[in-house]
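In the numbering used here, the protein residues as written are 11 to 225. The beta carbon of each residue, even a glycine, is placed where N, CA and C say it ideally should be. Read through the structure below, which is laid out as structure tokens, and then see the notes.
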């Protein structure tokens, strides 16, 4: 085992995400030396590159153990896991999601690495409210920013250009249990309506609130 790998594993468990500056501090020496060590570790599986300057410490026994939610946050700082990925994380949809789907500000992006495909969809909100309905959630390997079910639904409404009736889509197409929909507080829906610039999203959320209240 390379000494850098040993130091990284001593500092935290396999599956942990490290950044370039952490590696530079541990290695010391010249830039050329650091570059050479990192490239050798990438070649022999001692490190896994998630994107430039962001790495995953693999399990020495093999595999790419890690939290997709933590990786998604690290690959695109300021993003949060959302859409079907967040709904699957919360157990609201019956099947897993192979692609890690996140919301971000700025331009939409996509990254592919050994953990899978990570996509980032730009969600425009009113200033200062981009992270409303997003929580720091324990993944079992650390805390990640993940949309609440309601925020994930609202982001879906924006990305897919959904129109009312909301309940019909959520139950029929997404296969979310009606009981889970009815657990959403109307006050939370009202608050989230004010976050979105999109009139279509606000209408979808109003539909969800009205149908929930009457249901």
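Nearest to residue i (by Cα), restricted to the options the options
i           : options           : result
residue 219 : 51, 183, 163, 185 : 163
residue 121 : 38, 55, 85, 146   : 85
residue 210 : 185, 173, 188     : 173
residue 25  : 140, 125, 217     : 125
residue 107 : 80, 127, 67, 148  : 127
residue 62  : 90, 31, 36, 55    : 31
residue 119 : 82, 153, 145      : 82
residue 115 : 193, 48, 87       : 87
residue 97  : 201, 176, 64, 185 : 185
residue 201 : 65, 161, 187      : 161
residue 152 : 109, 76, 159, 144 : 76
residue 146 : 192, 197, 90, 175 : 90
Contact set for residue i: own chain, Cβ-Cβ below 6 Å, skip 5 residues either direction
i           : result
residue 225 : Because residue 225 carries a pLDDT of 47, less than 50, the predicted location of this residue cannot be relied on, and the following value inherits that uncertainty. There are no such residues.
residue 167 : 211, 214
residue 197 : none
Residues of its chain near residue i, where Cβ-Cβ distance is below 7 Å and the 5 sequence neighbours each way are ignored
i           : result
residue 165 : 92, 93, 113, 133, 157
residue 59  : 52, 65, 123
residue 79  : 91, 99, 149, 154, 156
Chain-order list of residues whose beta-carbon lies under 8 Å from that of residue i (same chain, five-residue window excluded)
i           : result
residue 135 : 142, 205, 206, 207
residue 169 : 93, 131, 133
residue 43  : 37
residue 109 : 95, 126, 127, 128, 129
Segment limits, alpha helix (DSSP H) that includes residue i
i           : result
residue 46  : 41-54
residue 156 : Segment 153-157 is the beta strand (DSSP E) holding residue 156; no alpha helix (DSSP H) there.
residue 95  : 93-99
Cβ-Cβ separation, residue j to residue i (assumed contact under 8 Å), whole Å
i           : j           : result
residue 203 : residue 216 : 7 Å
(request) Any chance you could list the alpha helix (DSSP H) runs of at least 4 consecutive residues sitting entirely within the segment 161-209, in chain order? (result) 176-182, 188-192, 196-203
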